[in-house]
Amino acid sequence: MSIRLIIMGPQGSGKGTQAARLAEALGIPTISTGDLFRANITQATELGALVQSYTARGELVPDEVTNAMVRARLDEADVAEGFILDGYPRNAAQVVELDGMLEADGVHLDGALELVVDREALLARIARRAELEGREDDTPEAIARRLDIYAEQTAPLTHAYADRGLLVRVDGEGEIEEITARLLAAVDGLAR
Ligand code: AMP
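This is the structure in structure tokens:
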């Protein structure tokens, strides 16, 4: 059975970790735009060189670049039966673009999962990750910029998905296993 999901949540919400766990449990791949950009930067590809200045500052990569990368990824065979999109769409224009891509493929989203975590817990997790992973964009300035962009551009998208009856809000606080179980229960409850 196919299933196409997006997972939303600010940095520090555990979105990447949970997307990976959910994908494993559901037997579908994740498409993480952040991971795709980081892989390109590490491998010093042309795309990596193009996006590095944006990601390092916590700014969004221009839509044309991001959309084209997602389109190419959606054309790969392993996502034919489903996927979890992690980190995309991140603004209103990307929502429209994704709708167009899926429509062209004759498929639709089954759900949009939002991980809800309060701001204090987010900041504590971000600080811990900055220590552990040493990501280039975990500077205080880039972190603040990413949180602002999420609040201004990405969080409002949840309303668009709620209007379509696709949004499920999931409590993102607690043990990792517990949160995965909540997400799986939410997926089970989706009207499909
Ligand atoms: P993430 O790992 O999801 O926090 O993404 C890391 C960085 O990659 C972001 O701060 C952006 O610079 C870039 N990025 C990831 N996804 C997108 C997107 N959908 N649109 C634009 N830029 C993105």
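First residue of the sequence shown? That's 34 in my numbering, and the numbers climb one at a time after it.
Using N, Cα and C, we set each Cβ at its ideal position, and we do this for glycine too.
> What do you get for A56, buried or exposed, if any count of 16 or more other CB atoms within 10 angstroms of its CB means buried?
Replying inline: buried
> So is the beta-carbon of R123 under 7 Å away from any non-hydrogen atom of ligand 1?
Replying inline: yes
> With 16 other CB atoms within 10 Å as the buried threshold, where does Q51 fall?
Replying inline: buried
> Can you tell which of G45, F116, A126 has the C-alpha that lies nearest to the C-alpha of G60?
Replying inline: F116
> Can the beta-carbon of G45 be found closer than 8 Å to that of L155?
Replying inline: yes
> Which ranges does the alpha helix (DSSP H) cover as unbroken runs of at least 4 residues, wholly within the segment 101–182, from first to last along the chain?
Replying inline: 125–138, 152–166, 173–182
> E130 to N100, Cα distance in whole Å?
Replying inline: 7 Å
>> Give me, in chain order, the residues of the same chain whose beta-carbon lies closer than 8 Å to that of I182; leave out the 5 immediate sequence neighbours on both sides.
In response: G91, E92, L93, R123
>> Does S65 come out as helix, strand or coil in the three-state DSSP assignment?
In response: strand
> Between D111 and the rest of its own chain, which residues show a CB-CB distance below 7 Å, the 5 nearest in sequence each way excluded?
Replying inline: P62
>> If the criterion is Cβ atoms closer than 8 Å, does the pair V149 and Y121 meet it?
In response: no
> Run through DSSP, which three-state label would V94 get?
Replying inline: coil
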